[in-house]
Structures are given as C-alpha cells and as structure tokens.
Amino acid sequence: MDTAPATEKAVNRVLDDWHAAAADADFERYFNHFASDSAIFMGTDATERWTVAEFRPWSKPYFDRGKAWSFTPVERHLYFSENGTTAWFDEALDTPNLGPARGTGVLISKGGEWKIAHYNLSIPIPNAIADTVIKQVEQALQDTTAQ
Numbered sequence: 001m002d003t004a005p006a007t008e009k010a011v012n013r014v015l016d017d018w019h020a021a022a023a024d025a026d027f028e029r030y031f032n033h034f035a036s037d038s039a040i041f042m043g044t045d046a047t048e049r050w051t052v053a054e055f056r057p058w059s060k061p062y063f064d065r066g067k068a069w070s071f072t073p074v075e076r077h078l079y080f081s082e083n084g085t086t087a088w089f090d091e092a093l094d095t096p097n098l099g100p101a102r103g104t105g106v107l108i109s110k111g112g113e114w115k116i117a118h119y120n121l122s123i124p125i126p127n128a129i130a131d132t133v134i135k136q137v138e139q140a141l142q143d144t145t146a147q
C-alpha cells in the first residue's frame, strides 16, 4: 500500500515515543502505547512472552528505579495493510546493555491512534558465531532443567 507520509510519521512518532518513555522511566506513557492488556511483548529470553497485563507488573520495578531500558532505533522499515489500519515494522536498535538488537512488531489504528499490538525483541546472532551460541544455549537449557 502506498501510505501517506503523515501516516508513516504518526507510526514512527508512536514507536519513538514508546522507546523514549522507557528511557525516561515513564510507566504510564510507555504502557499507554499498547493496544490493550492482551497485546503481546516478547523479550530476548525464551521464557519472556507476556501479555501487557503480565508484562506491566514484571517491568514495574525497572521503571521504579528511574530508568527502565534504553533502545535507540538506528534503522526502521514500515509496512502497511491495504486498508491502512495495520502497520508492521522491523527496526535495528542500539542498546547499552544488549548491544545491537532487533525489534519487530505490529501496530493497529484504534480510535484514530496507532497502538502496539505485538512487539518482539531479539538479539541478532552473526552467522559466523551461530554454532558456538547454539551450543551455549543448549548448555544453558540443560543446566536449567537439571536444577
């Protein structure tokens, strides 16, 4: 779909403000960007799949300490549905604690506002070290199940 620049700006503004709200530890502003309590946030650990209703109490201590996390988009690609009510994206992120990361997600237009319905945070692994990382992940999973 050929989207109007204003629509792309609106989606970019939402995502940029959402990231800024986390860096500013603005709990209400951050969570107001989600479409509903049933929206999904997926973190980097295999166990980190939450609805917003579950993610809110998990993340609250991070916001309470004055800085939740800091993700700075360095590149973002936006795509829109034919009817213009759904947007999906992928973004490369610079993070101080995870290194280079990637976010992907879906936003829906709800009451004239763009809201996040699904977000997936990941750490891209260079192919050159994938075998080593896979072995480390397998070992960590074995260690966890052995406990």
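Each residue of the sequence shown is one higher than the last, beginning at 1 in the UniProt record's numbering. Ideal Cβ placement from N, Cα and C applies to all residues, glycine included.
Continuous alpha helix (DSSP H) stretch holding K60: start and end: Residue 60 sits at position 60 when you count from the first residue of the sequence shown. 52-64 is the extent of the alpha helix (DSSP H) around K60.
Selected residue, minimal CA-CA separation from T51, among A130, T132, Y119: Position 51 of the sequence shown, counted from the start, is the residue given in the question as residue 51. With distances taken between Cα atoms, T51 lies closest to Y119.
Rounded straight-line distance, which links the Cα of D26 to that of D64: Locating residue 64 in the sequence shown gives position 64, where the first residue counts as 1. Locating residue 26 in the sequence shown gives position 26, where the first residue counts as 1. Each residue's alpha carbon lies about 9 angstroms from the other.
T95 versus P61, K60, P73, residue with shortest Cα-Cα distance: As a first step, residue 95 is located in the sequence shown; it is residue number 95 there, counting from the start. Taking only the C-alpha atoms, the option nearest T95 is P73.
Which residues DSSP lists as bridging V106, in chain order: As a first step, residue 106 is located in the sequence shown; it is residue number 106 there, counting from the start. W88, H118, per the DSSP bridge assignment.
Between the CA atoms of W69 and S122 - distance to the nearest angstrom: By 1-based counting over the sequence shown, the position of residue 122 is 122. By 1-based counting over the sequence shown, the position of residue 69 is 69. Each residue's Cα considered, the two are about 14 angstroms apart.
CB-CB length for A117 against V106, believed under 8 angstroms: In the sequence shown, residue 117 corresponds to position 117, counting from 1. In the sequence shown, residue 106 corresponds to position 106, counting from 1. At roughly 5 angstroms, the Cβ-Cβ gap stays under 8 angstroms, so A117 and V106 are in contact.
Range covered by the alpha helix (DSSP H) that runs through I134: The residue labelled residue 134 in the question sits at position 134 within the sequence shown. Where I134 is concerned, the enclosing alpha helix (DSSP H) stretches over 130-146.
Distance CB(A87)-CB(L78) smaller than 7 angstroms: Residue numbering aside, residue 87 sits at position 87 when the sequence shown is read from its first letter. Residue numbering aside, residue 78 sits at position 78 when the sequence shown is read from its first letter. Contact flag set, yes.
L15 - DSSP class collapsed to helix/strand/coil: By one-based count along the sequence shown, residue 15 stands at place 15. Reduced to three states, the DSSP call for L15 is helix.
Local Cβ density within 10 Å of A46, reported as buried at 16 or more and exposed below that: Here the question's residue 46 lines up with position 46 in the sequence shown. So A46 ends up on the exposed side.
Buried versus exposed, by CB contacts within 10 Å (16 or more), I125: Locating residue 125 in the sequence shown gives position 125, where the first residue counts as 1. Flag for I125 reads exposed.
Closest by C-alpha distance to Y62, when choosing among T104, A21, A10: In the sequence shown, residue 62 corresponds to position 62, counting from 1. Measuring from the Cα of Y62, the nearest candidate turns out to be A21.
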